[in-house]
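K.L.:
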Amino acid sequence: MANNEVRDTLQALFGDVAPKLADVTQKVVFDDIWQRPELSKRDRSVVTVAALIAMNRAEQLPAHLKRALDNGVTRAELEEIVTHLAFYAGFPCAITAARLTHELYESLDG
Numbered sequence: 001m002a003n004n005e006v007r008d009t010l011q012a013l014f015g016d017v018a019p020k021l022a023d024v025t026q027k028v029v030f031d032d033i034w035q036r037p038e039l040s041k042r043d044r045s046v047v048t049v050a051a052l053i054a055m056n057r058a059e060q061l062p063a064h065l066k067r068a069l070d071n072g073v074t075r076a077e078l079e080e081i082v083t084h085l086a087f088y089a090g091f092p093c094a095i096t097a098a099r100l101t102h103e104l105y106e107s108l109d110g
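Last residue of the sequence shown? That's 110 in the working numbering, and every number before it is there in order.
Here's what the structure looks like:
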């Protein structure tokens, strides 16, 4: 997702009630942290998806699953991440992630 798309998405989600939060999220998280060369965007996506699954953050997970695909993580790899985390984060977290991954695939495949 391009930086303008990220900014527009953040503004649409909560910019009207928390404009500074949207601004800081854009500038710090996406314009700085995600751009650092020490990890590839693909690796950052793997870490982020794993963290969101482990914390059962169902609201944020779909966007980051899509970002992971855009950053080169394969569907097979996402599925393996979900399965792997069932044993480390718990089955409820993994089942939620599996459902959200399935819903993303359906939306992408039409």
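Even glycine gets a Cβ: it sits at the ideal position worked out from N, Cα and C.
None of the values given here were measured: they were computed from a predicted structure.
Determine the extent of the alpha helix (DSSP H) in which TYR105 is found, giving its start and end residues.
P.N.:
As a first step, residue 105 is located in the sequence shown; it is residue number 105 there, counting from the start. Unbroken alpha helix (DSSP H) run through TYR105: 91-109.
K.L.:
On the DSSP letters alone, give me the boundaries of the alpha helix (DSSP H) that SER45 sits inside.
P.N.:
Position 45 of the sequence shown, counted from the start, is the residue given in the question as residue 45. Counting along the chain, the alpha helix (DSSP H) containing SER45 begins and ends at 41-54.
K.L.:
Is the distance from the Cβ of PHE30 to the Cβ of LEU21 below 8 Å?
P.N.:
Numbered from its first residue, the sequence shown carries residue 30 at position 30. Numbered from its first residue, the sequence shown carries residue 21 at position 21. No. Outside cutoff.
K.L.:
Quick one: what's got a C-beta closer than 6 Å to ALA97's C-beta in the same chain, skipping five residues either side?
P.N.:
Here residue 97 refers to the residue found at position 97 when the sequence shown is read from its first residue. Correct list, in chain order: ILE53 and VAL82.
K.L.:
Express the C-alpha separation of ALA18 and VAL73 in angstroms, rounding to a whole number.
P.N.:
Walking along the sequence shown from the start, residue 73 turns up at place 73. Walking along the sequence shown from the start, residue 18 turns up at place 18. The alpha-carbon atoms of VAL73 and ALA18 are separated by roughly 31 Å.
K.L.:
Which value, in whole angstroms, describes the spacing of the CA atoms of ALA63 and ASP70?
P.N.:
Locating residue 63 in the sequence shown gives position 63, counting from the first residue. Locating residue 70 in the sequence shown gives position 70, counting from the first residue. So the two alpha carbons sit approximately 11 Å from each other.
K.L.:
From this set, ASN4, LEU104, SER40 and ASP23, which residue's C-alpha is nearest GLU59's C-alpha?
P.N.:
Counting from 1 along the sequence shown, the entry for residue 59 is found at position 59. Selected option, being the one with the closest Cα: LEU104.
K.L.:
Identify whether GLN60 lies in helix, strand or coil by the three-state DSSP scheme.
P.N.:
Counting from one through the sequence shown, the residue named residue 60 turns up at place 60. Three-state result, GLN60: coil.
K.L.:
Taking the alpha-carbon of ARG122 as reference, which of LEU61, ASP8, ALA50 and ALA68 has the nearest alpha-carbon?
P.N.:
What is shown of the chain runs 1 to 110, which leaves residue 122 out entirely.
K.L.:
Quick one: measure Cβ to Cβ for LEU65 and THR101, integer angstroms, because I've assumed they're closer than 8 Å.
P.N.:
By 1-based counting over the sequence shown, the position of residue 65 is 65. By 1-based counting over the sequence shown, the position of residue 101 is 101. Right, their Cβ atoms sit about 6 Å apart.
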